[in-house]
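Novice: Residue numbers (my numbering): 1 to 589. In this text, a Cβ means the ideal position worked out from N, Cα and C, and glycines have one as well. Below is a structure I'd like to ask you about.
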């Protein structure tokens, strides 16, 4: 009988020998195998809120407790934000576990942040068993419809594991999908009965991100475009940056003497103290930098999507064809040409792109030396604050912060006008110096900063400093209980102005003196923080901050510093009354 099979169906002798040497997989619950797969992927902490739909996974965390920690959160939104922060810090997927229905919908804010911020993340959702599926069982949800994998959705992909023996395959694929191309979140659905199955299987090996390199022909074209330019400007940011990539970017900029601005909330991509730094392109943009972008004859976008905030509502760079020549380098082919038709588009991961650019042969002299010097001077001039009312000078507070925090400190914030103090005045030395130092949501998610700071300290043991608004803090402030339970320490500067400040600002611009839905009657924040195990102090004058900060750095537990901020101090550049009066005048009132 001829037993020869087609193609490669017959295993090779080497493969058969390898299999003979490998011990058989032990029998274990699917939930245990899942945790074992996470350990193989290098996961040390998973964040989440427990649910009965994944009890077998929780038991797996107990079984492998010497290798991985399940961090017990107080709300799924906080857990997802912590996982997203872990992804930003490590460059590998942060991991979150939630239960079906309400757990998944609560966690969706972190998934959305990971999507818009291009952060690798995997959300595992416990689900109803296969025998109850499609009956609208208790808390059942269609996760494909809800998370909607697409360029407009919340997740890169939604997967469901129906057979326990395929857990290793799905986990490895989720990690690969989360890291490759444009990084982002992947949702994996776990039927309850599947997790209870007994299975014999081994985890697959650790997955590493695939590198895509710039086309040599494109690099030659790019070099000529630089040589033909008189006013080039680099905008760097987006996901996928490593320490090595940031250092290579710095060498590229130095070789060509290029001014470098950072995309919205990616300020640590380039050392802010470097003489080539031009500032952040985001909310509250320096007007001089905005003019410089408009007058540039070549924009080199390395990594950012060029979204609404970085482009000033698609006005600094007009879509779909900018007036400036545009070179767009991005890790996703889906992103290139989606909004902007660049003069040159190059598909590359940030590690590969920066390393290709740093060896690009530069001339002995460039035509834009004065342009570069002036761009950095514009940034330095923007550090000079405007006079604003009240007993607390926030620009001076930020100067103390920059002077006092170690260069490796992780600085976090949520969404609100309060964050503009950090963005304008704090100096990030950042990735080129060896550390990821900024965790902030380009998605504009309120409540991000508090859990992100806790996760940063827990995962890195570095100093974690969070600036929050009163409304922002109340979104996820309960995660201070998580910090106290797991031994994490963060320092929180809470700016209390008794309102949703950003919305109030826009309200005064469009409907002056008609306050509706923006005033806040706040609790005793210091008392609340103490109840959660944090030290807490109220600050009413600028000079108090340095002592409070130094004490907080020395303390062995977290600290909250509440600042009673004058409601008039609505932005870094002007008062609330000035905005109101300007709006009234415009309306002839």
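Assign residue 291 to one of two classes, buried (16 or more other C-beta atoms within 10 Å of its C-beta) or exposed (fewer than that).
Specialist: Residue mapping note: residue 291 aligns to position 291 of the chain shown, counting from 1. Result: exposed.
Novice: Checking the sheet assignment: what are the DSSP bridge partners for residue 330?
Specialist: On the chain shown, residue 330 is found 330 positions in, with the first residue counted as 1. Its beta-bridge partners are 347.
Novice: Specify, as a first and last residue, the run of the alpha helix (DSSP H) that residue 381 falls within.
Specialist: Looking up residue 381 in the chain shown gives position 381. 369-382 is the extent of the alpha helix (DSSP H) around residue 381.
Novice: For residue 127, report the span of its beta strand (DSSP E) as first-last.
Specialist: To locate residue 127, count along the chain shown from 1; it is residue 127. Looking at the DSSP string, the run of the beta strand (DSSP E) that includes residue 127 is 121-127.
Novice: Among 111, 435, 102 and 42, whose alpha-carbon lies nearest the alpha-carbon of residue 50?
Specialist: For the purposes of this step, residue 50 is identified with residue 50 of the chain shown, where counting begins at 1. Taking only the C-alpha atoms, the option nearest residue 50 is 102.
Novice: Measure from the alpha carbon of residue 179 to the alpha carbon of each residue in 53, 351 and 522, then state which is nearest.
Specialist: Here the question's residue 179 lines up with position 179 in the chain shown. The option with the nearest alpha carbon to residue 179 is 351.
Novice: Can you find at least 3 beta carbon pairs, one from the stretch 497-507 and one from the stretch 467-477, that sit closer than 8 Å?
Specialist: Contact holds: three or more Cβ-Cβ distances are below 8 Å.
Novice: Rounded to whole angstroms, what is the Cα-Cα separation between residue 538 and residue 507?
Specialist: The residue given as residue 538 occupies position 538 in the chain shown. The residue given as residue 507 occupies position 507 in the chain shown. Residue 538 and residue 507: Cα-Cα distance of roughly 29 Å.
Novice: Among 318, 29 and 530, which residue has its Cα nearest to the Cα of residue 341?
Specialist: As a first step, residue 341 is located in the chain shown; it is residue number 341 there, counting from the start. Comparing Cα-Cα distances from residue 341 to each of 318, 29 and 530, the minimum goes to 318.
Novice: Kindly indicate the opening and closing residues of the alpha helix (DSSP H) around residue 476.
Specialist: Residue numbering aside, residue 476 sits at position 476 when the chain shown is read from its first letter. Element bounds for residue 476: 470-476.
Novice: Going by C-alpha distance, which of 410, 91, 169 and 327 is nearest residue 244?
Specialist: Here residue 244 corresponds to residue number 244 of the chain shown, with the count starting at 1. The option with the nearest alpha carbon to residue 244 is 91.
Novice: Excluding five sequence neighbours on each side, which residues of the same chain lie with their C-beta closer than 7 Å to the C-beta of residue 141?
Specialist: Here the question's residue 141 lines up with position 141 in the chain shown. Once the five neighbours on either side are set aside, the close Cβ partners of residue 141 are 100, 101 and 104.
Novice: Does the count of Cβ pairs from the stretch 421-433 and the stretch 480-492 closer than 8 Å reach three?
Specialist: The answer is no - the stretch 480-492 does not touch the stretch 421-433, with fewer than three Cβ pairs under 8 Å.
Novice: Given a cut-off of 8 Å, decide if residue 164 and residue 197 are closer than it, judged by their beta-carbon atoms.
Specialist: Taking the first residue of the chain shown as position 1, residue 197 is located at position 197. Taking the first residue of the chain shown as position 1, residue 164 is located at position 164. Contact: yes.
Novice: Compare the Cα-Cα distances from residue 451 to each of 464, 444 and 442 and report the closest residue.
Specialist: Working through the chain shown from its first residue, we reach residue 451 at position 451. Minimum Cα distance to residue 451 is reached at 464.
Novice: Straight-line CA distance for residue 546 to residue 492?
Specialist: Mapped onto the chain shown, residue 546 falls at position 546. Mapped onto the chain shown, residue 492 falls at position 492. Answer to the nearest angstrom: the Cα atoms are 14 Å apart.
Novice: DSSP state of residue 418, grouped into three classes?
Specialist: Taking the chain shown and counting its residues from 1, one reaches residue 418 at position 418. Note: residue 418 maps to coil in three-state DSSP.
Novice: Taking all protein chains shown into account, decide if residue 476 is buried (16 or more other Cβ within 10 angstroms of its Cβ) or exposed.
Specialist: For the purposes of this step, residue 476 is identified with residue 476 of the chain shown, where counting begins at 1. It is buried - the Cβ of residue 476 has at least 16 other Cβ atoms within 10 Å.
Novice: What did DSSP end up calling residue 21 once you bin it into helix, strand or coil?
Specialist: On the chain shown, position 21 is the one that residue 21 refers to. Note that residue 21 scores a pLDDT of 49, beneath 50, so its modelled location is shaky; the value from the coordinates is reported in the next line. Of the three classes helix, strand and coil, the one that applies to residue 21 here is helix, per DSSP.
Novice: Can you give the Cα-Cα distance for residue 383 and residue 278, rounded to whole angstroms?
Specialist: Within the chain shown, residue 383 is the residue found at index 383, counting from 1. Within the chain shown, residue 278 is the residue found at index 278, counting from 1. Rounded to whole angstroms, residue 383 to residue 278 spans 12 Å at the Cα level.
Novice: Could you tell me whether the stretch 548-563 touches the stretch 400-407, using the rule of 3 or more Cβ pairs below 8 Å?
Specialist: The stretch 548-563 is in contact with the stretch 400-407.
Novice: Which of the three DSSP states is assigned to residue 323 in this structure?
Specialist: On the chain shown, position 323 is the one that residue 323 refers to. In this structure, residue 323 counts as coil in the three-state DSSP scheme.
Novice: May I have the straight-line CA-CA distance separating residue 21 from residue 175, to the nearest angstrom?
Specialist: Walking along the chain shown from the start, residue 21 turns up at place 21. Walking along the chain shown from the start, residue 175 turns up at place 175. Per-residue confidence for residue 21 stands at a pLDDT of 49, beneath the threshold of 50, marking its modelled position as unreliable; no derived number is given.
Novice: Could you check where the beta strand (DSSP E) with residue 158 kicks off and where it finishes?
Specialist: The residue you call residue 158 lines up with position 158 of the chain shown. Start and end: 157-160.
Novice: In the DSSP assignment, find the unbroken beta strand (DSSP E) run with residue 450 in it and report its ends.
Specialist: If you number the chain shown from 1, residue 450 lands on position 450. Premise fails: residue 450 lies in the alpha helix (DSSP H), 449-460, not in any beta strand (DSSP E).
Novice: Indicate the three-state DSSP secondary structure (helix, strand or coil) for residue 75 in the structure shown.
Specialist: The residue given as residue 75 occupies position 75 in the chain shown. Residue 75 falls in the coil class under three-state DSSP.
Novice: Can you tell me where the beta strand (DSSP E) holding residue 543 begins and where it ends?
Specialist: Mapped onto the chain shown, residue 543 falls at position 543. Where residue 543 is concerned, there is no enclosing beta strand (DSSP E), given that its DSSP letter is neither H nor E.
Novice: Which one of 230, 275 and 246 has the shortest CA to CA distance from residue 237?
Specialist: Position 237 of the chain shown, counting from 1, holds the residue named residue 237. Per the Cα distances, 246.
Novice: Provide the residue span of the alpha helix (DSSP H) that contains residue 562, from first to last.
Specialist: As a first step, residue 562 must be located in the chain shown, where it is residue number 562. Unbroken run through residue 562 is the beta strand (DSSP E), 559-564; no alpha helix (DSSP H).
Novice: Cβ atoms of residue 557 and residue 534: under 8 Å apart, would you say?
Specialist: Position 534 of the chain shown, counted from the first residue, corresponds to residue 534. Position 557 of the chain shown, counted from the first residue, corresponds to residue 557. In this structure, residue 557 lies closer than 8 Å to residue 534 by Cβ.
Novice: Rank 194, 147 and 554 by C-alpha distance to the C-alpha of residue 56 and give the top, closest one.
Specialist: Locating residue 56 in the chain shown gives position 56, counting from the first residue. With distances taken between Cα atoms, residue 56 lies closest to 194.
Novice: Beta-carbon within less than 6 Å of residue 412's beta-carbon, same chain only, minus the 5 sequence neighbours each way: which residues are those?
Specialist: The residue given as residue 412 occupies position 412 in the chain shown. Contacts found: 439, 449, 452, 453 and 466.
Novice: Within 8 Å of any Cβ in chain C, is that where the Cβ of residue 372 sits?
Specialist: Absent from the structure is chain C; it holds one protein chain and no more.
Novice: Pick from 563, 361, 582 and 524: whose alpha carbon is nearest that of residue 541?
Specialist: Here residue 541 is taken as the residue at index 541 of the chain shown, counted from 1. When only C-alpha atoms are compared, the closest one is 563.
Novice: Hey, would you say residue 186 sits closer than 8 Å to residue 41, going by beta carbons?
Specialist: Along the chain shown, read from residue 1 onward, the residue named residue 186 stands at position 186. Along the chain shown, read from residue 1 onward, the residue named residue 41 stands at position 41. No; because the gap between Cβ atoms is not below 8 Å, this pair is not in contact.
Novice: Beta-carbon within less than 8 Å of residue 587's beta-carbon, same chain only, minus the 5 sequence neighbours each way: which residues are those?
Specialist: By 1-based counting over the chain shown, the position of residue 587 is 587. If we look at residue 587 and ignore the five residues flanking it on each side, its Cβ neighbours are 512.
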